[in-house]
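A quick write-up on the structure given underneath.
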Amino acid sequence: MKNIAIIGGGIAGLEAAANLLAKGYAVVLIEKSDGLGGHVSKWDRLFPNGEKAERIITELLNGIKRFGKQIEICLQTELQYFEKKNGIIEITLTNNRRLLVDAVLICCGFDLFKAEQKEEYGYGIYDNVITSADLEKKFREGNVVCKNGSVPKRIAFVHCVGSRDEKVNNTYCSKVCCVTAVKQACEIKELYPDTEIFNLYMDLRMFDRYFENMYQQAQSKYGVQFIRGRLSETSENKEGRIVIKTEDTLIGKPLKIAVDMLVLMVGMQACASASELSAKTKVKIGSDLFFDTKDLFLQANLTNEEGVFLAGACTGPKTIPDTINDARSAAGRIHHYLS
């Protein structure tokens, strides 16, 4: 039986593992955190249909559990050493365990942009400035209130925080921020119908099936207000409300709005461990620090290093369906390579 090491236990790693196990391979799944499921495990509901994230994670975990001893899961573990010898890859983990494998699949995913880097937005400074990830946690806990426990009467969502921003060297679009903002705005209105909501966007990129329907529903059913303009300044008034300054670029007028909660839609960026993995495996990364594929169109799961493959958001921002499909593709590529 041939052995495959998968680096990353998010949804890409789980789906790839299930596909490879079904093809008769032995898999070692290496995850640096203390749990599986990655970012999706921390979400409440998913766009565009409100699906519970918990069900997706449960099904992915069930997909690997049925193979028993054919898979080994190593939590709180990272790759320490990597070397190829005569077609076999020798790896050493942080627990000093040495393994010989026939292929390695990198599925290390992404990190969320650290909103503290945009000081002008007030994250970490004002209590009621939170990120989209923070809000998702509030949805999961059933505790969508301000710091003082009051129900927010006015909320503003700011798109493209850490994406399409030359100042932080992230010039790409993170792909899911716009639709996440629309989803979360609709969820707020379902909880608090009287709450007034503003979405401050650069360009709305509702690219996938049913996304445009969500955007239309946000306006027609829930009355969410969309303002085209980038946030320029954030402050806090004496009442503890967040005062934001922006410009409505469609009408060419400056705006000043006081809200009870400000939600920053943080984008995706390459995970911190990508550069370290690149140095150890010699797999190339791009100027955006995501991994480079061998061929963007025809060999998206292959790398410049034979026997090392890629899947998921480690090669750039992806939706959940894109990530799952990419993982299946990677499993097929590995099977073709080993057979």
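The numbering of the sequence shown is the numbering used here, which starts it at 18 and goes up by one.
Quick reminder that beta carbons are idealized off the backbone N, C-alpha and C, glycines included.
This structure is a prediction, so every number in the text was calculated from the model and none was measured.
{"Item": "What does the alpha-carbon distance come out to for the pair G80 and V199?", "Value": "31 Å"}
{"Item": "Along the chain, where does the alpha helix (DSSP H) that runs through D151 open and close?", "Value": "S149 to E158"}
{"Item": "Quick one: what does DSSP say K59 is sitting in, helix, strand or coil?", "Value": "helix"}
{"Item": "Give the DSSP bridge partners of V325, in chain order.", "Value": "V121"}
{"Item": "Taking the alpha carbon of E95 as the point to measure from, which residue in I172, K262 and A22 has its own alpha carbon closest?", "Value": "A22"}
{"Item": "Decide if the segment 188–207 is in contact with the segment 165–176; the criterion is three or more beta carbon pairs, one per stretch, under 8 Å apart.", "Value": "yes"}
{"Item": "Report the residue from V162, I147 and A120 whose alpha carbon sits nearest the alpha carbon of H353.", "Value": "A120"}
{"Item": "Rank D265, I337, S149 and L129 by C-alpha distance to the C-alpha of L248 and give the top, closest one.", "Value": "D265"}
{"Item": "Would you list, in sequence order, the uninterrupted alpha helix (DSSP H) runs of no fewer than 4 residues that lie entirely inside the segment 158–210?", "Value": "194–208"}
{"Item": "Distance, Cα to Cα, Y143 vs E253?", "Value": "7 Å"}
{"Item": "Taking only three categories from DSSP, how would you classify L267?", "Value": "coil"}
{"Item": "In terms of residues, what are the limits of the beta strand (DSSP E) holding Q97?", "Value": "L96 to K102"}
{"Item": "For the beta strand (DSSP E) containing A287, name the first residue and the last one.", "Value": "M285 to A287"}
{"Item": "Taking only three categories from DSSP, how would you classify I337?", "Value": "helix"}
{"Item": "Within the continuous alpha helix (DSSP H) that includes E229, where are the two ends?", "Value": "F228 to S237"}
{"Item": "What's the call for S149, buried or exposed, on a 16-neighbour Cβ count within 10 Å?", "Value": "buried"}
{"Item": "Grab the span of the alpha helix (DSSP H) containing N79 for me, first residue to last.", "Value": "A70 to K82"}
{"Item": "In its own chain, which residues sit with a C-beta less than 8 Å from the C-beta of G324, not counting the 5 before and 5 after it?", "Value": "K101, G104, I106, D119, A120, V121 and Y354"}
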